[in-house]
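**Student:** The working numbering numbers the first residue of the sequence shown as 1 and each following residue consecutively. Structure provided below as structure tokens; questions to follow.
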Amino acid sequence: MSSYFQLTTRRRKFKMFLLCIWMFVALFDTTFGLSCLSCTNEVNITNCLGSTAVCDDSSEMCFLDRHVKEDLTAGFTAGCRSKQICNIIAAGGRKRNSLVTCAQCCDSPRPNQNVPPCNAYLCNQNPSVPNVLNECGQCDRVEYPTLCKTFSACRADEVCQLKEFFYRNQVYFQLRCRQKSLCDADLKAYKASHNPAIGKRAAVQVCSACCEGNRCNQGGCQVLVKNQTCYDKAICG
């Protein structure tokens, strides 16, 4: 009986060790991957600043294509592209079609979150950079917040949101921008359900939290909601 207990304990410790390794790898990959602008057929490069993607810096680079649209105006498409294709383009290879007037790649990391990715400056572009407070993870369903590799800039009346939910008996996370007034309503519901007078919920519950700061919704939902700001005291005070 004692040996069985020891074996079970070892197995649990080993599973916890593997989980910690997985979480570290996921966080490392998201934090240190190559961040690139991501957009399709925008009329100018400034319109692309609201969305970024984290690319695999071992096999991909950021790219920017300037092309001629059907109405003969310029359009911009940006994102991640394989290093192999980028090397062909840099060596003077043919562009994908005759309507692409510029195709360039880069792999310089961002010095900080307030500076656009390197592909914002390709093809002789110099975008007007807005003062963005919240660049938030934007994913409908991921198994862990740090696995979200798409980001969007929120409006002035929005902050980042992280939502934890169950789907087919598995925990998933949704990351997005959310209006402050709706965050206040969510916070009011959270406070009501966690009133010490009525006790905590017995079941594992869905968590919804809002936060301010670039990519803050890639943290732990339970920690975020406990520190969530109430913007309108009339709603959630």
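Think of the CB as a built atom: it goes at the ideal place given N, C-alpha and C, for glycine as much as any other residue.
Excluding five sequence neighbours on each side, which residues of the same chain lie with their C-beta closer than 6 Å to the C-beta of cysteine 154?
**Tutor:** For this step, residue 154 is matched to residue 154 along the sequence shown. Only Asn134, Cys136, Cys177 meet the Cβ criterion.
**Student:** Rounded C-beta distance between phenylalanine 165 and valine 225? I'm assuming under 8 Å.
**Tutor:** Locating residue 165 in the sequence shown gives position 165, where the first residue counts as 1. Locating residue 225 in the sequence shown gives position 225, where the first residue counts as 1. For a cut-off of 8 Å, the C-beta gap from phenylalanine 165 to valine 225 is around 14 Å, too long to register as a contact.
**Student:** Tell me the rounded alpha-carbon separation between isoleucine 21 and proline 145.
**Tutor:** Taking the first residue of the sequence shown as 1, we reach residue 21 at position 21. Taking the first residue of the sequence shown as 1, we reach residue 145 at position 145. Residue placement at isoleucine 21 is poorly supported in this model, since its pLDDT is 40, which falls under 50; the coordinates are not used for a value here.
**Student:** Measuring alpha carbon to alpha carbon, tell me which of Asn124, Val54, Ser208 ends up nearest lysine 173.
**Tutor:** Here residue 173 refers to the residue found at position 173 of the sequence shown. Residue 173 is actually phenylalanine in this sequence, not lysine. If we check each option's Cα against that of phenylalanine 173, Ser208 comes out closest.
**Student:** Output yes or no for whether 8 Å exceeds the beta carbon distance between aspartate 157 and lysine 188.
**Tutor:** Translated into the one-based positions of the sequence shown, residue 157 becomes position 157. Translated into the one-based positions of the sequence shown, residue 188 becomes position 188. No, the pair does not count as a contact, with Cβ atoms beyond the cut-off.
**Student:** Tell whether a beta-carbon distance below 8 Å holds between asparagine 114 and lysine 69.
**Tutor:** Along the sequence shown, one-based indexing puts residue 114 at 114. Along the sequence shown, one-based indexing puts residue 69 at 69. Their beta carbons are not under 8 Å apart, which means asparagine 114 does not touch lysine 69 by this criterion.
**Student:** Rounded to the nearest angstrom, how far is the Cβ of proline 109 from that of leucine 34, given a contact under 8 Å?
**Tutor:** If you number the sequence shown from 1, residue 109 lands on position 109. If you number the sequence shown from 1, residue 34 lands on position 34. Confirmed, about 7 Å.
**Student:** If alanine 63 sits next to cysteine 86, beta carbons under 8 Å apart, how far is it from one beta carbon to the other, in whole angstroms?
**Tutor:** Looking up residue 63 in the sequence shown gives position 63. Looking up residue 86 in the sequence shown gives position 86. Contrary to the premise, residue 63 reads as phenylalanine rather than alanine in this sequence. The Cβ separation is near 7 Å, so the contact holds.
**Student:** Specify, as a first and last residue, the run of the beta strand (DSSP E) that asparagine 41 falls within.
**Tutor:** Residue 41 sits at position 41 when you count from the first residue of the sequence shown. Asparagine 41 -> beta strand (DSSP E) spans 39 to 42.
**Student:** Which of the three DSSP states, helix, strand or coil, is assigned to valine 225?
**Tutor:** Within the sequence shown, residue 225 is the residue found at index 225, counting from 1. In the structure shown, valine 225 sits in a helix (DSSP, three-state: H, G or I).
**Student:** Which ranges would you report for the beta strand (DSSP E) in the segment 146 to 219 if only whole runs of at least 3 residues count?
**Tutor:** 150 to 153, 158 to 167, 170 to 179, 207 to 211
**Student:** To the nearest angstrom, report how far apart threonine 77 and tyrosine 167 are at their CA atoms.
**Tutor:** Sequence index remark: in the sequence shown, residue 77 carries index 77 (1-based). Sequence index remark: in the sequence shown, residue 167 carries index 167 (1-based). Approximately 34 Å between the Cα atoms of the pair.
**Student:** Looking at the secondary structure, which residues open and close the alpha helix (DSSP H) in which cysteine 236 lies?
**Tutor:** Your numbering for residue 236 matches position 236 in the sequence shown. Note, cysteine 236: alpha helix (DSSP H), 233 to 236.
**Student:** How long is the line joining the alpha carbons of isoleucine 89 and valine 100, rounded to whole angstroms?
**Tutor:** By one-based count along the sequence shown, residue 89 stands at place 89. By one-based count along the sequence shown, residue 100 stands at place 100. Their backbone Cα atoms lie some 12 Å apart in a straight line.
**Student:** Should valine 43 be labelled buried (16 or more other beta-carbon atoms within 10 Å of its own) or exposed?
**Tutor:** Along the sequence shown, one-based indexing puts residue 43 at 43. Result: exposed.
**Student:** Kindly indicate which residue of Asn214, His67, Ser58, Asp71 has the alpha-carbon position closest to the one of threonine 150.
**Tutor:** Here residue 150 corresponds to residue number 150 of the sequence shown, with the count starting at 1. Of Asn214, His67, Ser58, Asp71, the residue nearest in Cα terms is Asn214.
**Student:** Return the CA-CA distance between cysteine 230 and alanine 192, expressed in angstroms with no decimal places.
**Tutor:** The residue you call residue 230 lines up with position 230 of the sequence shown. The residue you call residue 192 lines up with position 192 of the sequence shown. Taking the straight line from one Cα to the other gives about 14 Å.
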